[in-house]
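First the structure, in the form of structure tokens, and then the observations on it.
Residue numbers (this note's numbering), protein chains in the order written: chain A, 3 to 316; chain B, 171 to 673.
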């Protein structure tokens, strides 16, 4: 939330809430309310879901099935020992009770009573199971309903995310191209050494690369057109060249070229014989590749240069 | 001037919202006038059992006269009658029976008011929905002032209360939302009224470090203060905060203060400290990053005001009109409507220090402008003086309908009536009924807020270097001058109560 434009002396809660909601909308991609998602899930599934995977009228069909199938509770009865002899007529009940022992002389009703009793219990159990199953059906319906809702929500999110990814990919590619273009046209502020180096192309008029390097704005257009093998300085900016010189000096232990070559130690401030005195001379020496180090020592005797920390970059 | 404060329960150990409100008002008014409290012997708001001795005692310098409750509440009967009057068409007799079942039924208190009405200049009744208020207002005649402490629940929709709102001498509302609701219900715009609310005894120097050390709490946290109850929105708070913990990279913990009747989730970043005394409570609020108020129904959230007084922002449930309205008017809190908004607003306050600092400063300013004790006392005293000066065109409550009419079941269900009432926060504050509060001249913006800054006789306060009126009017809000001046335009104040400012 660091992107709030909040000033301490003018906080407006309503504006902040609007910003927060806008941010939420931005995150969501599209601002669907719960009710809208439900409507989408129940009506327009085919727009977001694969119709082969989920039927858009699934919920409605399920609801209709549920509504149509509301069976009455299954019939049942209670069957006890006296059920066979029961009657609402008192005298008849008494007579049956009186004559029951005689009846049992002819046939045995107990297995029948037991069987019917068991059947009654089975009916009860079955009814309970039916009730539980209907409860489970409700649960399944709920689960299915939630699944469809979530699938819809996910598909919407997926769609939005795909669009975001595409957008971000486009932006990334654009930025990469832009970065490459900027890198190639980057303008260096000319330092003292760069000013010194700039006349170099004057002495090598037939090599196009240094010209390109000395005029950076033309470099991107000219470099590919040069065609031939690039010279050592071709395609480099002046800063790169001085860095390379520093690296070389680092490898050589920081001593002057004269000392390395076995000459007399150079006095500070003393002019070396043959050292370039003018910018044109410097340029000619540079073009020969001879006195780079003495130039660097004279102009860049800073701690960075003496440390030779760039040696690792080789 | 002699004033009676009439409330259902009273005592130092009684911390219910309206009861505490009544005690604070009685004790602060007692500094300016003679105050006697009339109440019952009950201490428990569920049973209304007579637990305290009848008679007169003195609490914090205020005389308290208690009367016995004639019968305790039968929860079953009360529940049955509540269903009847809240959800079904019913009669006035049903409503009266509901009121009787709700309690605290104390005819002795009502008789005392009727007998000694002339001994007092005014009776200030707290909580419209109880027996003592309904019958007491009738007994007090033209001396009754009502502090409704009304929430948006079904009880406000009962027809017996409408005449009461219209016939009292004055109404002291807690919030503009409450006033709008009652005026929409009763059409009592002619009754003098003022939005007052209540102050709090916030310590000058809370000790956040002491709280952290005492309870071993490290890191930033949000605090909830109140009963941990589903009715207070705590269940939703837990769900939302767990979503914050899952989704966000934030580092806030949640600290709960108050007795719990709800299972608190077991999570290392949710801590329940139970009931704390006031000192620890204020230290906790001062140590917190923000206060969360998840309640759906509030007449006035004292703890939110305390948080503002301590310079802490509030994150409120946007479904509660009062809290949302206060957040908007004060510019001192954010609000949420769902889980996503909760997470985002919480993250905003947590991560944007400018925002939280500004909200906190605005909150402190809002509190000082509207809820500091001198402001509250002045509003009460001004109202009392204004009513005293009036030639009492005594409003008497319209009589109850006859025996047959009372039993005619033609009253709409309370919930149905409430559903038809306009809802939403009051962003534009309508001025109070004509009163002694003259708005300040346009060039002067009432900011003040400092207790040391002398208040003018017209109730306004001025401060130098105010923004232009045009600048304020461009915001298109806050017509009432007394609700202006805390938009954070004032610079951070020094002193121990200063906000932490941008960090």
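Even for Gly, the Cβ is constructed at its ideal location relative to N, Cα and C.
Could you name the residues that DSSP lists as bridge partners for residue i?
i	result
residue 442(B)	426(B)
residue 241(B)	275(B)
residue 581(B)	260(B)
residue 293(B)	174(B), 314(B)
residue 299(B)	BP columns for residue 299(B) are empty, so no partner.
residue 229(B)	232(B)
residue 220(B)	212(B)
residue 393(B)	425(B), 461(B)
residue 484(B)	461(B), 503(B)
residue 342(B)	364(B)
residue 437(B)	440(B)
residue 204(B)	172(B)
residue 398(B)	430(B)
With distances taken Cα to Cα, identify the nearest neighbour of residue i among the options.
i	options	result
residue 589(B)	579(B), 200(B), 326(B)	326(B)
residue 399(B)	299(B), 282(B), 430(B)	430(B)
residue 181(B)	209(B), 201(B), 293(B)	209(B)
residue 334(B)	324(B), 318(B), 343(B), 322(B)	318(B)
residue 21(A)	541(B), 518(B), 330(B)	518(B)
residue 179(B)	272(B), 502(B), 211(B), 310(B)	211(B)
residue 15(A)	595(B), 310(B), 529(B)	529(B)
residue 205(B)	568(B), 423(B), 231(B)	231(B)
residue 374(B)	542(B), 197(B), 520(B)	542(B)
residue 558(B)	313(B), 488(B), 271(B)	313(B)
residue 265(B)	330(B), 220(B), 190(B), 310(B)	330(B)
residue 460(B)	432(B), 449(B), 424(B)	424(B)
residue 476(B)	405(B), 371(B), 380(B)	371(B)
residue 79(A)	184(A), 186(A), 105(A), 118(A)	118(A)
residue 572(B)	263(B), 292(B), 207(B), 190(B)	263(B)
residue 490(B)	479(B), 380(B), 482(B), 474(B)	474(B)
residue 322(B)	298(B), 253(B), 311(B), 339(B)	298(B)
Along chain E, which residues have their Cβ under 7 Å away from the Cβ of residue i?
i	result
residue 25(A)	No chain E is part of this structure, whose protein chains are labelled A and B.
Can the beta-carbon of residue i be found less than 8 Å from the beta-carbon of residue j?
i	j	result
residue 177(B)	residue 200(B)	no
residue 290(B)	residue 434(B)	no
residue 426(B)	residue 439(B)	no
residue 391(B)	residue 512(B)	no
residue 274(B)	residue 239(B)	yes
residue 492(B)	residue 470(B)	yes
residue 437(B)	residue 407(B)	no
residue 213(B)	residue 184(B)	yes
residue 361(B)	residue 550(B)	no
residue 355(B)	residue 316(B)	no
residue 271(B)	residue 248(B)	yes
residue 505(B)	residue 488(B)	yes
residue 115(A)	residue 86(A)	yes
residue 532(B)	residue 13(A)	yes
residue 516(B)	residue 422(B)	yes
residue 486(B)	residue 382(B)	no
residue 495(B)	residue 364(B)	no
Notebook entry, point to check: At a Cβ cut of 9 Å, what residues of the stretch 123-148 of chain A count as close to chain B, listed as they run along the chain?
Noted result: none
Item checked: Interface positions of the stretch 472-501 of chain B facing chain A (Cβ-Cβ less than 7 Å), listed along the chain -> Within the stretch 472-501 of chain B, 497, 498, 501 place their CB atoms closer than 7 Å to a CB of chain A, listed in sequence order.
Notebook entry, point to check: For the stretch 449-465 of chain B against the stretch 349-367 of chain B, are there 3 or more C-beta pairs whose distance is under 8 Å?
Noted result: A contact is defined here as three or more CB-CB pairs under 8 Å, and the stretch 449-465 of chain B fails this definition with respect to the stretch 349-367 of chain B.
Item checked: Segment contact, 8 Å Cβ cut-off, at least three pairs: the stretch 457-477 of chain B with the stretch 389-409 of chain B -> Here the stretch 457-477 of chain B lies against the stretch 389-409 of chain B, with 3 or more beta-carbon pairs under 8 Å apart.
Check: Would the stretch 274-284 of chain B and the stretch 305-315 of chain B be scored as touching if the rule is three or more Cβ pairs under 8 Å?
Finding: By the criterion of at least three beta-carbon pairs nearer than 8 Å, the stretch 274-284 of chain B is in contact with the stretch 305-315 of chain B.
Margin query: Any contact between the stretch 106-125 of chain A and the stretch 143-155 of chain A? By contact I mean 3 or more CB pairs, one from each, below 8 Å.
Written below: no
Notebook entry, point to check: Name the residues in the stretch 314-348 of chain B whose C-beta lies less than 7 Å from a C-beta of chain A; which are they?
Noted result: none
Check: If we count Cβ pairs, one from each stretch, closer than 8 Å, do we get three or more for the stretch 214-225 of chain B versus the stretch 531-539 of chain B?
Finding: no
Next item on the list: Output, in sequence order along the chain, the residues in the stretch 155-189 of chain A whose CB is closer than 9 Å to any CB in chain B.
Entry: none
Notebook entry, point to check: What residues from the stretch 456-467 of chain B come within 7 Å of chain A, judged by C-beta to C-beta, listed N to C?
Noted result: none
Item checked: Positions along the stretch 405-424 of chain B whose CB lies within less than 9 Å of some CB in chain A -> none
Notebook entry, point to check: Would you call the stretch 256-263 of chain B and the stretch 576-590 of chain B in contact, with 3 or more CB pairs under 8 Å?
Noted result: yes
Check: Taking any Cβ of chain A, which residues in the stretch 535-552 of chain B have a Cβ under 8 Å from it, in chain order?
Finding: none
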